[in-house]
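Colleague: Below is the structure I would like to discuss, written out as structure tokens.
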Amino acid sequence: MTEKGHARAPFDVADRRVTVAGAARSGVAAAELLARRGARVTLSEIAAEIPDADRLRALGVALEAGGHVRETFTGADLVVLSPGVPPHAPVVQAARERGVPVIAEIELASRWLRGRVIAITGTKGKSTTTALTGRMLEAAGFKVTVGGNIGAPLSAQVPASTPDTFHVVETSSFQLEQIDTFHPWISVMMNFSADHLDRHPTVEAYGAAKARIFENQEPRDFAVINADDPAVLDLARRGRAVKRYFARSGAIDEGTVVEDGWIVERRRGASDRLVPLDAIHLLGPHLVNDVMAAATVGAIAGATPAAMTAAVDGFRGLEHAMELVADAAGVRFVNDSKATNVEAALRSIESFDRDLVPIIGGRFKGGDLRLLREPIRARAKAVMAIGEARPLVRDALGDVVPVHEADTFGAAIDRAFELAKPSGVVLLAPACASFDMFRDYAERGRRFKEEVNRIVDMADG
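Counting with this note's numbering, you get residues 50 to 510 for the letters of the sequence shown.
The structure is reproduced here in structure tokens:
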């Protein structure tokens, strides 16, 4: 390795033994990339089966399913971690003790990228911001790839990377905690609150992982910062990049704010209009923050206000993120399955005024569910508690509104529908991970929509 900020020799893995841990999409993409670059690759997975096994074998990748083997890690020249594999896993620790370098999949991919990286992180809103940033830059005529923690893994983007490519990358704390030289031209931190405490030992450790997005940036780079979030300001303070702020509160003299119905850029006492608020078609006022962050990046990159506005006007949000599913018998159903932490659920709940029935629960990741008490008291008729976290939901909220429990997901949605009549909102905002009942948040969201469509069909019948 070289000192940060200095040029390094081209990264070469030819004939090196590389172990990739985790066969989710990032791990599979990393294994393919490494094999095509001449490495001797072993893909190690705890599950009994590995996706795309035939294609990987055809590339010469050795597959190790059904558990990690210590010698596969300690005998490697390099270990690459998928985001889902904890860095404190015993086999990973054993590799480190033998002096084997351990890096994240985004670190691996970034060493071969030829274009510039725009990296986006935060506890809530990073997926929407990433997708919208990509659309803005595409509308402005730039060559863009979008992915990372959403969409295509960064390793899958390497073959298409050119010097004029913008790689817009959603980055999670799991990915950032194992970087070394990963260097965004523009970094973005949306917000910060307690999350993933089932993986990170403390809130401070989680924050330190997030803050690594800034550590390799230089004074010629940019850091886009939410000035309304004191925790973000604190995490960003040591970064060397030029700081560009956004604040929905408007409490900054320079930066991106809302003014007279527009998202504008304040500079030197003047305001340049970027995007009109009436071009935003996203459900939930907190999503204005995501548009502001994306517009700030667009302005830095050279996108015109017209291009940014066109992108925003054509964007109806992401699946499973404040997604309006249907209206049945006067009740609206909203799918925010991506609200997997307390902060995200809080923002979802605050998007509605009254007659709300939120569905909350799953596998709890930490945080304080009691933060939902006052918003729920002001807006909700009842709460439906699901999954492993049902006792936690009941204890935190049961003296604020009636808390109902259901043994199955379908029963929870049916009961929420009855409680929300005649004109309320059923909101899936779990504040928890999905792994007690589903493979991931996307499967949970799809199942929610299936159940809602069943209710719609019955109501129409």
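Glycine included, C-beta positions come from ideal geometry on N, C-alpha and C.
#1: Starting from T358, trace the alpha helix (DSSP H) both ways and give me its first and last residue.
#2: Sort out for me which residues DSSP pairs A319 with in a bridge.
#3: Rounded to the nearest angstrom, what separates R286 and R293 at their Cα positions?
#4: Please name the residue in K414, R322, P233 and G379 whose C-alpha comes closest to that of A438.
#5: Assuming I398 and L476 are in contact, meaning their beta carbons sit under 8 Å apart, how far apart are those beta carbons, in whole angstroms?
#6: If you follow the alpha helix (DSSP H) that D27 is in, where does it begin and where does it stop?
#7: How big is the Cα-Cα spacing for V126 and P479?
#8: Of the residues R85, T68 and R86, which one's Cα is nearest the Cα of E120?
#9: Pick helix, strand or coil for P59, following the three-state DSSP scheme.
#10: Taking the alpha-carbon positions, what's the A455 to P132 distance?
#11: Please classify G116 as buried or exposed, where buried requires at least 16 neighbouring CB atoms within 10 angstroms.
#12: By a C-beta neighbour count over all protein chains shown, 10 Å radius and 16 as the cutoff for buried, is E81 buried or exposed?
#13: If contact is defined by three or more beta carbon pairs under 8 Å, each pair taking one atom from either stretch, is the segment 216 to 227 in contact with the segment 261 to 277?
#14: May I ask which residues mark the beginning and end of the beta strand (DSSP E) holding S236?
#15: On the three-pair Cβ rule with 8 Å, is the segment 334 to 344 touching the segment 352 to 372?
#16: Starting from T91, follow the beta strand (DSSP E) in both directions and report where the run begins and ends.
#17: What does the alpha-carbon distance come out to for the pair R443 and V452?
#18: Between the segment 376 to 388 and the segment 182 to 195, can you find at least three pairs of beta-carbon atoms closer than 8 Å?
#19: What is the DSSP secondary structure of T194, counted as helix, strand or coil?
#20: State the Cα-Cα distance for the pair G347 and T182, rounded to the nearest angstrom.
#21: In its own chain, which residues sit with a C-beta less than 7 Å from the C-beta of I95, not counting the 5 before and 5 after it?
#22: How is F487 classed by DSSP in three states: helix, strand or coil?
#23: Hey, quick one: how far does the beta strand (DSSP E) through L105 stretch, first residue to last?
#24: Give the DSSP-derived three-state secondary structure of N390 in the structure shown.
#25: Short of 6 Å in beta carbon distance, which residues of its chain neighbour A78, apart from the five on each side in sequence? Order them along the chain.
#26: Between H55 and the rest of its own chain, which residues show a CB-CB distance below 8 Å, the 5 nearest in sequence each way excluded?
#27: For A356, which residues from the same chain have a beta carbon less than 6 Å from its beta carbon, with the 5 sequence-adjacent residues on both sides left out?
#28: Assuming M239 contacts A360 under a Cβ cut-off of 8 Å, what Cβ separation, rounded to an integer in Å, is found between them?
#29: Relative to the C-alpha of R503, which candidate in T178, V307, R315 and D376 has its C-alpha closest?
#30: For G436, does the three-state DSSP call read helix, strand or coil?
#31: Count the other CB atoms, across all protein chains shown, that sit within 10 Å of the CB of A319; report buried if there are 16 or more and exposed otherwise.
#32: Quick check on DSSP: helix, strand or coil for F458?
Modeller: Quick look at the numbers:
#1: Residue 358 sits at position 309 when you count from the first residue of the sequence shown. Counting along the chain, the alpha helix (DSSP H) containing T358 begins and ends at P354 to D362.
#2: As a first step, residue 319 is located in the sequence shown; it is residue number 270 there, counting from the start. DSSP lists R316 as partners of A319.
#3: In the sequence shown, residue 286 corresponds to position 237, counting from 1. In the sequence shown, residue 293 corresponds to position 244, counting from 1. Looking at the two C-alpha atoms, the distance is approximately 12 Å.
#4: On the sequence shown, position 389 is the one that residue 438 refers to. Nearest of K414, R322, P233 and G379 to A438, Cα basis: K414.
#5: Here residue 398 refers to the residue found at position 349 when the sequence shown is read from its first residue. Here residue 476 refers to the residue found at position 427 when the sequence shown is read from its first residue. Sure, about 7 Å apart at Cβ, within 8 Å.
#6: This structure cannot settle anything about residue 27, because the visible part of the chain is limited to 50 through 510.
#7: The residue given as residue 126 occupies position 77 in the sequence shown. The residue given as residue 479 occupies position 430 in the sequence shown. It should be pointed out that residue 126 corresponds to Asp in this sequence rather than to Val. Cα to Cα, the separation comes out at about 41 Å.
#8: Numbered from its first residue, the sequence shown carries residue 120 at position 71. Ranking the options by Cα distance to E120, first place goes to T68.
#9: Along the sequence shown, read from residue 1 onward, the residue named residue 59 stands at position 10. In the three-state reduction of the DSSP assignment, P59 falls in the coil class.
#10: Counting from 1 along the sequence shown, the entry for residue 455 is found at position 406. Counting from 1 along the sequence shown, the entry for residue 132 is found at position 83. For A455 and P132, the distance between alpha carbons rounds to 32 Å.
#11: As a position in the sequence shown, residue 116 is number 67, starting the count at 1. So G116 counts as exposed.
#12: Position 32 of the sequence shown, counted from the start, is the residue given in the question as residue 81. Result: buried.
#13: Note that the segment 261 to 277 touches the segment 216 to 227; at least 3 beta-carbon pairs, one per stretch, sit closer than 8 Å.
#14: As a position in the sequence shown, residue 236 is number 187, starting the count at 1. Here the beta strand (DSSP E) through S236 covers I235 to M238.
#15: yes
#16: Taking the sequence shown and counting its residues from 1, one reaches residue 91 at position 42. Counting along the chain, the unbroken beta strand (DSSP E) around T91 starts and ends at R89 to S93.
#17: Along the sequence shown, read from residue 1 onward, the residue named residue 443 stands at position 394. Along the sequence shown, read from residue 1 onward, the residue named residue 452 stands at position 403. Those two C-alpha atoms are separated by around 6 Å.
#18: no
#19: By 1-based counting over the sequence shown, the position of residue 194 is 145. DSSP places T194 in strand when its eight states are reduced to three.
#20: Indexing the sequence shown from 1 puts residue 347 at position 298. Indexing the sequence shown from 1 puts residue 182 at position 133. Rounded to the nearest angstrom, the two C-alpha atoms are 7 Å apart.
#21: The sequence position of residue 95 within the sequence shown is 46, counting from 1. For I95, where only same-chain residues beyond five positions count, the Cβ hits under 7 Å are G116 and H117.
#22: Counting from one through the sequence shown, the residue named residue 487 turns up at place 438. If DSSP states are grouped into helix, strand and coil, F487 belongs with coil.
#23: Translated into positions along the sequence shown, residue 105 becomes position 56. First-last for L105: A102 to A107, but that is the alpha helix (DSSP H), not the beta strand (DSSP E).
#24: Numbered from its first residue, the sequence shown carries residue 390 at position 341. Of the three classes helix, strand and coil, the one that applies to N390 here is coil, per DSSP.
#25: As a first step, residue 78 must be located in the sequence shown, where it is residue number 29. Here the set comprises P202, S204 and A205.
#26: For the purposes of this step, residue 55 is taken as residue 6 along the sequence shown, with counting starting at 1. Model confidence at H55 stands at a pLDDT of 42, short of 50, so the residue's coordinates are unreliable and nothing is read from them.
#27: Indexing the sequence shown from 1 puts residue 356 at position 307. Here the set comprises A188 and A189.
#28: Numbered from its first residue, the sequence shown carries residue 239 at position 190. Numbered from its first residue, the sequence shown carries residue 360 at position 311. Not really, about 18 Å apart at Cβ, beyond 8 Å.
#29: Counted from its first residue, the sequence shown places residue 503 at position 454. Checking every option, the nearest Cα to that of R503 belongs to D376.
#30: On the sequence shown, position 387 is the one that residue 436 refers to. Here G436 sits in coil by DSSP.
#31: Locating residue 319 in the sequence shown gives position 270, counting from the first residue. Under this definition A319 is an exposed residue.
#32: Taking the sequence shown and counting its residues from 1, one reaches residue 458 at position 409. DSSP places F458 in helix when its eight states are reduced to three.
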